[in-house]
Each structure stands twice: as C-alpha cells, then as structure tokens.
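Heads up: the structure comes next, in structure tokens.
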Ligand SMILES: Nc1ncnc2c1ncn2[C@@H]1O[C@H](COP(=O)(O)OP(=O)(O)O)[C@@H](O)[C@H]1O
Ligand SMILES: [Mg+2]
C-alpha cells in the first residue's frame, strides 16, 4: 500500500460515513497522475451534463491545496452551515450541488495549510458532516496524483470508480502510468482512460490539428490494460465561450465538439 491507512484514518466514524455514502448514488473519481490535464473541467462538465439530463448530482472537490471547482463553476458562493451545524453544499444549477474547500476561504488569494490528519478529517467531514441531498451521481474532482486526499477518498468510498484523465504528452503518459499503478495498489475500480486535448480544433477553420500521436495513449491503454473510454478534443473556442458566458462549456457551447464528447462520456456513467 502506498500509505498506511490504519494509522491515518483513526477517529473516522466509519458507520456514519457508510450511511452518508449510501445516499450518494453512483460515485466517480476524476483522477490523473498529472496536473493541468483537465480533471476539473471534465468533472464540472460531466456533473452539469448529468444534472441537465434530469439526474440529482453532487460535485465534491477534494483538491484541498488548489480548490478551483468554484472558479470552474464561475461561482463566488460561501459555504453555509445548516441548522444542525452540518455543511450545506451549494445548489449551483437545478439538480447540481457542489462542495469545495474554496467555499471556506474568504478571498481568492487565501490558502489553508493542510497536513495529513487534518486533510483526512476534512474529507471525512465532506462526506459525513455534510447535508448532501439524496443523489443519483456523485462526482469527485481530485488533486493530481495519489496523495492523502485521493487515498482517503478511495479508502472511505468502497464503491468508487475512477476515470483516469490523460493527454498524449509524454510526461503526462509517464505520470499517469504511475498514478494508475497506485490506484490499482489501492484496489480502486477504474472505468478507463479519458484522453483530453486529443487533437486541437482550430478556432478559425474548425479543422482538427494533430497534437500528440494517438499511439501515446493507446500504448498506455495496453500497458495498463484499461480501455480508452473517451477522446476529448482541445477546443479553445468552446472554453473561450464558457469564459465569456461565465458558465461551464457544456452550457455555454453545447453544440461544440468538446461539449458533445463530454455529454457522450456522461451518458456512459
Ligand atoms: N479539452 C480542452 N480544450 C480546451 N481547453 C481545455 C480542455 N481541457 C482543459 N482545458 C483548459 O486547460 C486548463 C487546465 O484544466 P483543468 O481542468 O484546470 O486541469 P486540472 O484540473 O487537471 O489541473 C484550463 O484552463 C482548462 O480550461
Ligand atoms: Mg483541477
């Protein structure tokens, strides 16, 4: 095992957590061994697509050091506590509730120093001490790699399924390969690889420009024995439209190839 859960999860109320988790529906971890590959973008847009299709969806950000889920949702909400003192996720869209450590901070530049045991308690609290409504889907955005946050969530949620985000960049391939090895050691279930930035759609002519050879991710799929479940194009126009509308791209640019590919992936969950 990459870390010793026995020691780290002492004091966690297992029974309460199991009861809370049972209400969260299908649970997916958006994982990568690498930063900047699109985890948060994919988590937000999958959650939005599922909610738009009529599901009740929870979106949890366990990236405690770089929580940017709220920014990716274009929200500045602060967290509130319910009457019973439990955290209340923010309903960001009908049927979509989000919780991120970013909601705990008072300004953009503020940060919290988190150390191992505190991180584990915070993540347990996000599950057990939070008034999640009964959900169909629970999507978890994670920091890169297999640190305390990711290993804690794998340890706490037994029926969690990971989606592994990768790009064709050779360094991403190396880091994601290591990440998959750790996930497997931690006995996490993995649905498959999501190749992001698979080709770049030219904003001027709409043609797809090659980025990395498709063999890079295909070889990773062979080595890790995982299927490639989606290939998402790089789509600067769709992300610019999201930026100017201040809404996730599946809402701001629903007809873009990227939004369509994300919706297709959501339908597989
Ligand atoms: N398919 C894509 N097309 C265009 N831009 C993308 C795509 N996926 C991600 N991005 C951009 O790349 C940057 C990093 O994405 P992000 O989701 O924050 O990655 P991570 O959470 O893995 O660190 C963001 O600016 C995001 O808008
Ligand atoms: Mg992120």
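In the working numbering, the protein residues as written are 1382 to 1650.
For every residue, glycine included, the Cβ atom is placed at its ideal position computed from N, Cα and C.
Fair warning: this is a prediction, and the values are worked out from it, not measured in the lab.
- A distance criterion of 6 Å places the beta-carbon of residue 1420 in contact range of ligand 2, judged by its closest non-hydrogen atom.
- Sequence-distant partners of residue 1397 (beyond 5 residues in either direction) whose C-beta falls short of 8 Å from its own C-beta, in its chain, are 1509.
- The continuous alpha helix (DSSP H) containing residue 1451 extends over residues 1450–1453.
- Annotated three-state conformation of residue 1479 is strand, per DSSP.
- Residue 1535 sits in a helix when the DSSP states are folded into three classes.
- For the pair of segments examined, the region 1586–1600 was found not to touch the region 1404–1421: the number of CB pairs separated by less than 8 Å stays below three.
- Counting only residues of its own chain and dropping the five nearest sequence neighbours on each side, residue 1553 has a CB closer than 7 Å to the CB of 1415, 1418, 1547.
- Secondary-structure assignment with DSSP links residue 1640 through no beta bridge to anything.
- Close CB contacts of residue 1479 within its chain, under the 7 Å cut and outside five residues either way in sequence, are with 1440, 1450, 1454, 1470, 1471, 1473 (chain order).
- Excluding the 5 residues flanking it on each side, residue 1618 has same chain C-beta neighbours closer than 6 Å at 1584, in chain order.
- Judged by beta-carbon spacing, residue 1517 lies within the 7 Å limit of residue 1436, meaning their Cβ atoms are closer than that value.
- Between the beta-carbon of residue 1543 and that of residue 1570 there is about 7 Å, and that keeps the pair under the 8 Å contact cut.
- Rounded to whole angstroms, the separation of the alpha carbons of residue 1620 and residue 1627 is 10 Å.
- Taking residue 1541 as reference, the option from 1597, 1526, 1444, 1650 with the minimal CA-CA separation is 1650.
- Between residue 1477 and residue 1434, the C-beta gap is not smaller than 7 Å, which leaves the two residues out of contact.
- Assignment of residue 1624 by DSSP, reduced to helix, strand and coil, places it in the helix class.
- When DSSP states are grouped into helix, strand and coil, residue 1402 belongs to the helix group.
- Taken from the Cβ of residue 1577, at least one heavy atom of ligand 1 lies inside 6 Å.
- For residue 1556, the enclosing alpha helix (DSSP H) begins and ends at 1551–1566.
- Shortest gap from the CB of residue 1620 to any heavy atom of ligand 1: under 6 Å.
- In the structure shown, the three-state DSSP call for residue 1592 is coil.
- The alpha-carbon of residue 1598 is positioned some 9 Å away from that of residue 1550.
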